[in-house]
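The structure appears right after this line, and notes come after that.
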Amino acid sequence: MILKGESLLPEIVFIEGVSGVGKSTMVKMLAEDLRERGYSVRDYVEFDYTNPIDFYCTAYLLPEEYEKLCRDYPLAVDTIRANTTPAGKAKLVRYFDEDMPLFEEPLLSELTLHEFCYKPKQLVLLEEYSAAYREVWRQWVSTLDESCDFFLFDGSLLHHPVNDMMRNYGVDGEGAVPHITALLDSLGDIKRHIFYIKTDHIRKQLEKAHRDRGQNVPTEEQFRFWESRYENDRTVLRGLSEEYKIFDISAGNWETVRKEILNRLT
766 MILKGESLLP EIVFIEGVSG VGKSTMVKML AEDLRERGYS VRDYVEFDYT NPIDFYCTAY
826 LLPEEYEKLC RDYPLAVDTI RANTTPAGKA KLVRYFDEDM PLFEEPLLSE LTLHEFCYKP
886 KQLVLLEEYS AAYREVWRQW VSTLDESCDF FLFDGSLLHH PVNDMMRNYG VDGEGAVPHI
946 TALLDSLGDI KRHIFYIKTD HIRKQLEKAH RDRGQNVPTE EQFRFWESRY ENDRTVLRGL
1006 SEEYKIFDIS AGNWETVRKE ILNRLT
């Protein structure tokens, strides 16, 4: 392992910002840059179902629900267990890899009924949501692969959790601070970096991102949501006791920001 100061522990890097600012691209490029410099890196971008601390298409099941699922679908038990993460009193089962289902019908539909984060049909209590998140983060740190120098995450600290809390629970920035603080506390003494990418042209960036992804032009409601998201993100960052750095790409200085982040890491 490459020594970083006196520590042999990996460092965790969170790349944050509203939708469309280039978080995924930044994570991928930084990972390449770090590898070129001889570091061992694992990077996780949006929709990566292998992300150990984020949840994409994940079902939340209580113990009795989980055991019933295994009894009802004996031929799928191995696949169910292979995609299960313990989360305190619940089990989290991932059921999609990007747009590829990991299970066949009718099991797939049954799992979607228990969706944990994205437009859930059976909303769990906010306390249970937060507790499950914290437990997963705590477990991940306890089994962290110390042969890796950097873990890079796209939107796993603020982007997805704050989205969930705003949309599902009506939580604002101040209300989200305790949840985000608890997640960071779960990481213990591991060094982490929080880099937030901002732009004064949120609407323009959203429109470009939607075009690049082949999506429809954002609605006025979506524009308002992401502008509100940015304000809530700022509130959360100010409420943290952690160091963070905000980078403004309004002037189109994306590559300069990339190089500055890389220099800060190395």
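So for the sequence shown, the working numbering puts the first residue at 766; every next one is plus one.
C-beta atoms are modelled at their ideal positions from N, C-alpha and C, and glycine is treated no differently.
Taking the DSSP output, what are the residues bridged to Val783?
None; Val783 has no bridge partner.
Would you kindly work out how many angstroms separate the C-alpha atoms of Arg989 and Arg836, rounded to a whole number?
45 Å
Between Asp929, Asp919, Ser912, which has its C-alpha nearest Tyr898's C-alpha?
It is Asp929 whose Cα lies nearest to the Cα of Tyr898.
Range of the contiguous beta strand (DSSP E) that encloses Arg957:
957-963
Can the beta-carbon of Asp808 be found less than 9 Å from the beta-carbon of Lys793?
A contact, by the Cβ cut-off of 9 Å.
Return the residue from the list Lys833, Glu1025, Asn997 that minimises the CA-CA distance to Ala941.
Asn997
Hey, Glu992 and Pro983: beta-carbon distance below 9 Å or not?
no
What residue from Lys884, Tyr860, Gln904, Tyr934 has the CA that sits closest to Thr823's CA?
Tyr860
From the DSSP output, which residues share a beta bridge with Pro851?
Paired residues: Lys856.
Would you check if the distance between the CB atom of Ile777 and the CB atom of Phe960 is smaller than 9 Å?
In this structure, Ile777 lies away from Phe960, with their beta-carbon atoms at least 9 Å apart.
Tell me, which residues are paired with Ile1011 by DSSP?
Tyr961, per the DSSP bridge assignment.
Reduced DSSP category for Gln904 - H, G, I as helix; E, B as strand; rest coil:
helix
Between Val1022 and Ile962, how many whole angstroms is the CB-CB distance? I'm expecting something under 8 Å.
7 Å
Locate the beta strand (DSSP E) running through Val806, then write down its first and last residues.
806-809
Alpha-carbon spacing of Ser1015 relative to Asp965, whole angstroms
6 Å
Spatial neighbours of Ala841 in its chain, beta-carbon cut-off 7 Å, leaving aside the 5 residues before and after:
Phe868, Leu872
At which residues does the beta strand (DSSP E) containing Thr823 begin and terminate?
823-826
Could you check whether the Cβ of Val1001 sits closer than 8 Å to any heavy atom belonging to the ligand MG?
As for the ligand MG, it is missing from this structure, which has no ligand bound.
For Asp919, name the three-state secondary structure that DSSP assigns.
strand
For the segment 929-994, list the alpha helix (DSSP H) runs that are entirely contained and at least 4 residues long, ordered along the chain.
938-951, 967-977
Using beta-carbon positions only, say whether Leu1002 and Leu923 come within less than 9 Å of one another.
yes
8 Å contact criterion, which Phe881 and Leu909 should meet: CB distance rounded:
The pair is not a contact, with the Cβ atoms about 23 Å apart (cut-off 8 Å).
For Gly770, which residues of its own chain have a beta-carbon under 7 Å away from its beta-carbon, when the five flanking residues on both sides are left out?
Model confidence at Gly770 stands at a pLDDT of 44, short of 50, so the residue's coordinates are unreliable; what they give is reported in the following sentence. Taken in chain order, the list of residues that qualify is empty.
Presumed contact (8 Å Cβ cut-off) between Lys886 and Leu876, rounded CB distance:
Going by Cβ atoms, the distance from Lys886 to Leu876 rounds to 11 Å, so no, they are not a contact pair.
Please go through the same chain and pick out, in chain order, the residues whose beta-carbon is closer than 6 Å to the beta-carbon of His944, but skip the five residues on each side of it.
Ser895
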